[in-house]
Amino acid sequence: YTNSEAEKANVLANLSGTYTYEGVAWYAPPAGSTIAATVDVFRFFRLGVGTHLYTASVAERDNIIANLGQYYTYEGVAYKAWPLN
Numbered sequence: 088y089t090n091s092e093a094e095k096a097n098v099l100a101n102l103s104g105t106y107t108y109e110g111v112a113w114y115a116p117p118a119g120s121t122i123a124a125t126v127d128v129f130r131f132f133r134l135g136v137g138t139h140l141y142t143a144s145v146a147e148r149d150n151i152i153a154n155l156g157q158y159y160t161y162e163g164v165a166y167k168a169w170p171l172n
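The number in this note's numbering is simply the position in the sequence shown, starting from 1, with 87 added.
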């Protein structure tokens, strides 16, 4: 998933044999948004596999950075989301 038009365009132009564009899955405020009551959703790249992991948990983010850096590259805040509670 991405909310980046540039990333979407790159995938469509260069990886259409690997990925199928399925359209918009949902709407989310962009990273850096100041919309009230939203939380950051963090994105990691899984090295050697080419997939992504997303989490809205700061504790999980910190644990992955501290203990799983050999498997995941932290890519920062992907977008914002509204929390469950």
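Think of the CB as a built atom: it goes at the ideal place given N, C-alpha and C, for glycine as much as any other residue.
Between ALA153, ASN154, TRP169 and TYR141, which lies nearest to GLY163 when the distance is taken from Cα to Cα? As a first step, residue 163 must be located in the sequence shown, where it is residue number 76. It is TYR141 whose Cα lies nearest to the Cα of GLY163.
Does the Cβ of ARG133 have 16 or more other Cβ atoms within 10 Å, making it buried, or fewer, making it exposed? Here the question's residue 133 lines up with position 46 in the sequence shown. By the 10 Å Cβ count, ARG133 comes out exposed.
Legend entry - In DSSP terms, what LEU140 is bridged to: To locate residue 140, count along the sequence shown from 1; it is residue 53. Its beta-bridge partners are PHE131.
Check your understanding: Which residue or residues does DSSP assign as beta-bridge partners of VAL126?
Key -> Along the sequence shown, read from residue 1 onward, the residue named residue 126 stands at position 39. DSSP output for VAL126 lists ALA168 as bridge partner(s).
- prompt: Counting pairs of Cβ atoms below 8 angstroms between the stretch 141-154 and the stretch 110-123, do you hit three or more?
  reply: Verdict: no, contact absent.
If we count the other Cβ atoms within 10 Å of its Cβ and call it buried at 16 or more, is TYR166 buried or exposed?
-> To locate residue 166, count along the sequence shown from 1; it is residue 79. That one is buried.
So what's GLU109 in DSSP terms, helix, strand or just coil?
Indexing the sequence shown from 1 puts residue 109 at position 22. The answer is coil: DSSP assigns GLU109 none of H, G, I, E or B.
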